[in-house]
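Chains as they are written, first to last, in the numbering used here: chain A, 259 to 616; chain B, 60 to 218.
The beta-carbon is built from N, C-alpha and C at its ideal position, and this holds for glycine as well.
Fair warning: this is a prediction, and the values are worked out from it, not measured in the lab.
Reviewing the structure listed below.
This is the structure:
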């Protein structure tokens with residue numbers, strides 16, 4: 259059967275069969291890089307189009323509908339425009355940091371792709387600290403944002419970057435604690451183990467109310483971490499023009515824009531892996547027929563379906579809720595999310611020790 | 060324990076109100092019939108404008124070429140930027156009395172902001188807002204309009 263697992267194994271075997279191990283490894287690096295970059299550009303086009311369509315329909319509008327059938331090539335046209343545009347560097351800017359920042363943000367988003375399992379047996383790097391790797395690397399992206407804000411030599415940019423720093427540092431806590439709930443239940447940081455532990459049911463169904471609370475906290479925290487509305491203090495169009503990327507133009511702006519959407523995809527992929535069973539199909543108890551039909555749907559479709567569902571939920575938030583003030587934002591984290599997720603973690607631990615989950 | 064109860068009811072109240080908002084946007088997301096966007100140049104023939112759309116001021120005339128304007132200049136006084144200028148004359152009524160009537164109702168479309176104040180000020184409903192909006196012309200003299208048709212008279216019984 260044609261599946262991602264078989265294709266990747268076949269390529270792997272062929273490479274090691276026809277070249278020396280070192281050459282084969284390097285060739286695999288190149289292949290993976292090409293795959294990740296093409297996935298990136300594809301995701302960027304799809305997610306931005308999806309955002310525009312979702313926002314339009316939620317605001318009783320039509321959205322892009324002129325370029326290509328049903329406006330499907332709108333983002334392609336936008337990208338072409340951005341490539342052709344001039345990438346300016348302001349006079350007073352710190353040239354090195356200014357030009358480095360978008361690439362740092364982008365590279366970190368790329369690194370985050372490593373531990374994810376996109377389909378059954380299809381993974382770049384099955385590292386035994388997958389979830390830790392994710393939380394550790396994703397918090398570096400704030401450095402790229404701070405760099406951009408500082409190097410722009412612009413008040414708005416600096417303010418946006420500082421807000422973004424405060425926000426990401428505080429929301430990392432509750433995101434981490436809600437991820438920890440699943441780690442406690444699974445007993446492993448390896449992504450493949452976490453997915454394997456959900457074979458007989460996703461954690462959101464098996465883990466009773468505490469895991470649902472952890473899921474809600476996770477979604478809120480990652481919305482804040484990716485600087486999305488209603489937590490888009492870092493950009494806040496009405497106050498800071500565009501926050502940390504005010505001074506960027508052309509392709510460097512496009513990189514920031516792309517990284518934002520890739521980050522949304524990545525955190526949603528993590529949410530889908532931890533709470534919704536990754537590529538595991540939906541199984542309901544003893545309904546054998548139903549379970550068999552679900553098994554026929556390819557695992558990659560399950561994974562991307564769940565991820566895009568979560569992306570849709572985050573877009574739904576963005577186009578429904580008004581932006582929070584910075585003090586309200588920090589209140590929400592330190593007075594509500596953090597205490598709730600701490601108590602919740604205790605409950606989950608109790609549940610895991612006493613074996614109350616299914 | 061009352062602070063804990065307040066805390067928990069705060070959280071639930073927040074979730075409920077957020078869900079209320081998400082329900083509305085979710086409704087619009089799934090019901091595309093509610094979309095109000097007009098694809099203007101494409102649907103020029105079937106264009107559906109809202110009833111209260113304000114395009115320009117017009118003066119309706121009936122089939123006898125009669126209008127309802129008494130020339131009271133209430134609209135001219137109400138207009139914030141001098142869009143309307145009414146030139147009055149004196150008609151001789153059948154019983155020999157002199158009667159004030161309009162000679163010309165001058166309307167400067169280029170000055171008008173479609174604020175609707177003149178229509179609200181009019182005591183006899185002689186003017187109203189039309190739904191036309193394609194106003195661009197090559198000569199700006201064309202934007203100065205005479206709203207009363209030539210030879211028109213005031214309708215009987217309107218004071």
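For the alpha helix (DSSP H) that residue i lies in, which residues bound it at each end?
i: residue 147 of chain B; result: It is not in any alpha helix (DSSP H) - residue 147 of chain B instead sits in the beta strand (DSSP E) that spans 143–151.
i: residue 495 of chain A; result: 495–498
i: residue 161 of chain B; result: Segment 157–167 is the beta strand (DSSP E) holding residue 161 of chain B; no alpha helix (DSSP H) there.
i: residue 69 of chain B; result: 61–89
i: residue 315 of chain A; result: 279–316
i: residue 94 of chain B; result: Here residue 94 of chain B belongs to no alpha helix (DSSP H), and DSSP marks it neither H nor E.
i: residue 425 of chain A; result: 413–444
i: residue 408 of chain A; result: 399–409
i: residue 135 of chain B; result: 133–137
i: residue 505 of chain A; result: No alpha helix (DSSP H) holds residue 505 of chain A; DSSP gives it neither H nor E.
i: residue 266 of chain A; result: 262–276
i: residue 587 of chain A; result: 584–589
Short of 8 Å in beta carbon distance, which residues of its chain neighbour residue i, apart from the five on each side in sequence? Order them along the chain.
i: residue 314 of chain A; result: 320, 321, 322
i: residue 618 of chain A; result: Because residue 618 of chain A is not part of the residues shown, which for chain A are 259 to 616, the question remains open.
i: residue 203 of chain B; result: 165, 166, 167, 168, 169
i: residue 137 of chain B; result: 176, 177, 179, 180
Quick one: residues in its chain with C-beta nearer than 6 Å to the C-beta of residue i, no 5 flanking neighbours on either side, listed in chain order?
i: residue 384 of chain A; result: 450
i: residue 114 of chain B; result: 189, 190, 191, 192
i: residue 213 of chain A; result: Any property of residue 213 of chain A remains undetermined from this structure, which presents chain A solely from 259 to 616.
i: residue 524 of chain A; result: 370
i: residue 479 of chain A; result: 429, 432, 433
i: residue 442 of chain A; result: 606, 607, 610
i: residue 350 of chain A; result: 411
On the three-state DSSP scale, how would you describe residue i?
i: residue 99 of chain B; result: coil
i: residue 203 of chain B; result: strand
i: residue 351 of chain A; result: coil
i: residue 378 of chain A; result: coil
i: residue 126 of chain B; result: strand
i: residue 214 of chain B; result: coil
i: residue 344 of chain A; result: coil
i: residue 552 of chain A; result: helix
i: residue 386 of chain A; result: coil
i: residue 175 of chain B; result: coil
i: residue 516 of chain A; result: helix
i: residue 571 of chain A; result: helix
i: residue 529 of chain A; result: helix
i: residue 140 of chain B; result: coil
i: residue 474 of chain A; result: helix
i: residue 368 of chain A; result: helix
i: residue 560 of chain A; result: helix
i: residue 592 of chain A; result: helix
i: residue 196 of chain B; result: coil
i: residue 578 of chain A; result: coil
Per DSSP, which residues does residue i bridge with? Please list them.
i: residue 464 of chain A; result: DSSP lists no partner for residue 464 of chain A.
i: residue 187 of chain B; result: B:117
i: residue 449 of chain A; result: In DSSP, residue 449 of chain A forms no bridge with anything.
Residue i touches chain B at which residues, Cβ-Cβ below 9 Å?
i: residue 579 of chain A; result: 77, 80, 81
What residue range is occupied by the uninterrupted beta strand (DSSP E) comprising residue i?
i: residue 601 of chain A; result: Unbroken run through residue 601 of chain A is the alpha helix (DSSP H), 596–612; no beta strand (DSSP E).
Taking residue i as the query, report the chain A residues whose CB atoms sit under 7 Å from its CB, ordered along the chain.
i: residue 84 of chain B; result: 316, 574, 577, 578
i: residue 96 of chain B; result: 319, 320
i: residue 91 of chain B; result: 315
Give the residues of chain A in contact with residue i, contact being defined as C-beta atoms less than 9 Å apart.
i: residue 87 of chain B; result: 315, 316, 317, 318
Anything in chain B within Cβ reach of residue i, meaning under 7 Å, just list it in chain order.
i: residue 506 of chain A; result: Here the premise fails: no neighbours, minimum Cβ distance about 30 Å.
i: residue 594 of chain A; result: 70
Which chain B residues are close to residue i, counting only those with a beta carbon under 8 Å from its beta carbon?
i: residue 312 of chain A; result: 88
Considering only residues of the same chain and omitting the five flanking positions on each side of residue i, which have a CB-CB separation below 7 Å?
i: residue 605 of chain A; result: 468
i: residue 530 of chain A; result: 536, 561, 564, 565, 568
i: residue 434 of chain A; result: 393
i: residue 412 of chain A; result: 504, 505
Less than 8 Å between CB atoms is the rule here; does residue i satisfy it with respect to chain D?
i: residue 542 of chain A; result: Here chain D cannot be found, since the structure's protein chains are A and B.
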